[in-house]
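To convert, note that position 69 of the sequence shown is 69 in UniProt numbering; the numbers rise steadily by one, no gaps.
The beta carbon of each residue, even a glycine, is placed where N, CA and C say it ideally should be.
Read the structure below first, then the notes.
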Amino acid sequence: MQEFIHKLKQAKRVAVLTGAGISQESGIPTFRGEGGLWKQYRAEELATPEAFRRDPQLVWEWYEWRKKICSEAKPNIAHLKLADWEKKFPEFHLFTQNVDGLHRRAGSQQVTSLHGDIFSARCTKCKYFLSDRDRFWDSLPPHCPSCGSLLRPHIVWFGESYFEGDLDFAFSFLKETDFLFVVGTSGSVGVPVQLAAFAKANGATTVEINPMPSGYQSMMDIQFSEKAGEFFSRIDI
1 MQEFIHKLKQ AKRVAVLTGA GISQESGIPT FRGEGGLWKQ YRAEELATPE AFRRDPQLVW
61 EWYEWRKKIC SEAKPNIAHL KLADWEKKFP EFHLFTQNVD GLHRRAGSQQ VTSLHGDIFS
121 ARCTKCKYFL SDRDRFWDSL PPHCPSCGSL LRPHIVWFGE SYFEGDLDFA FSFLKETDFL
181 FVVGTSGSVG VPVQLAAFAK ANGATTVEIN PMPSGYQSMM DIQFSEKAGE FFSRIDI
């Protein structure tokens, strides 16, 4: 461990990729699998463009339920330590698959939210965009105050492309990163796995923190089979 910490302290560029596991320690369900059922619906049945076209009110009800859970959650020690890490390296960036905003609430500024932000909405027709953590809609589905069209959650749904520029930046940053930490993510989504493989292929030391087996294991140099909170509680750099 001492050799690992010594090498990490010498790093010039560090990247972190986080998934649902880090926020699960703050009480936010993963919303995947049986534990993520809502009114007998699975996330994969609701987080799609097709579901929104079919029943926008149902999809919005689910997101408002999730938003309440996220708004009541608080950043945990892993979120806070990562915010501190941002100050420790010449170059640092955090890529998260989570939409709960806990990294920013913990103080992180160099964050790319790959899958969007549950507290933001955008118009399905015009360029109207709203981001407000304290805003809960009086009636569902909400409509655009500018053009009257439906608003939708600012989320990357299954089958949709990532936001413009996010992946270009991610690959650019990871091309010359010294370390990539993969924290609490299962590897069930293809693009984050590609990002980790790209970093590994370009010489990064890859480190996984996850108490469960994942789709990243074959491309990891170092693995810590523990929760994010446990790992970051005992790592001091």
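In the DSSP assignment, HIS115 falls outside any beta strand (DSSP E) and carries neither an H nor an E. About 13 Å separates the Cβ atoms of SER23 and ASP117, ruling out a contact at the 8 Å cut-off.
DSSP places GLN10 outside any alpha helix (DSSP H), giving it a letter other than H or E.
Rounded to whole angstroms, the separation of the alpha carbons of GLN2 and VAL182 is 20 Å. Taking the Cα of HIS143 as reference, the smallest distance to any Cα among ILE155, ASP134, LEU130 is reached at LEU130. In the structure shown, GLN223 falls within a strand segment according to DSSP collapsed to helix, strand and coil. The beta carbon of PRO75 sits closer than 6 Å to the beta carbons of LEU102, ARG105, ALA106 from its chain, once the five residues preceding and following it are set aside; these are given in chain order. For PHE169, the enclosing alpha helix (DSSP H) starts and ends at 166-174. Around ALA170, the same chain offers PHE95, THR112, LEU195 as residues with beta carbons nearer than 7 Å, after the five sequence neighbours per side are excluded. The C-beta of ALA78 has 16 or more other C-beta atoms within 10 Å across all chains shown, which makes the residue buried. Residue pairing by DSSP leaves CYS126 without any beta bridge partner. Residues VAL14, VAL16, PHE92, ILE237 of the same chain have their beta carbon placed closer than 8 Å to that of TRP85, with the five preceding and five following residues left out of the count. VAL193 is a Cβ neighbour of TYR216, given a cutoff of 9 Å. With contacts defined by Cβ atoms closer than 9 Å, LYS175 and GLU25 do not form a contacting pair.
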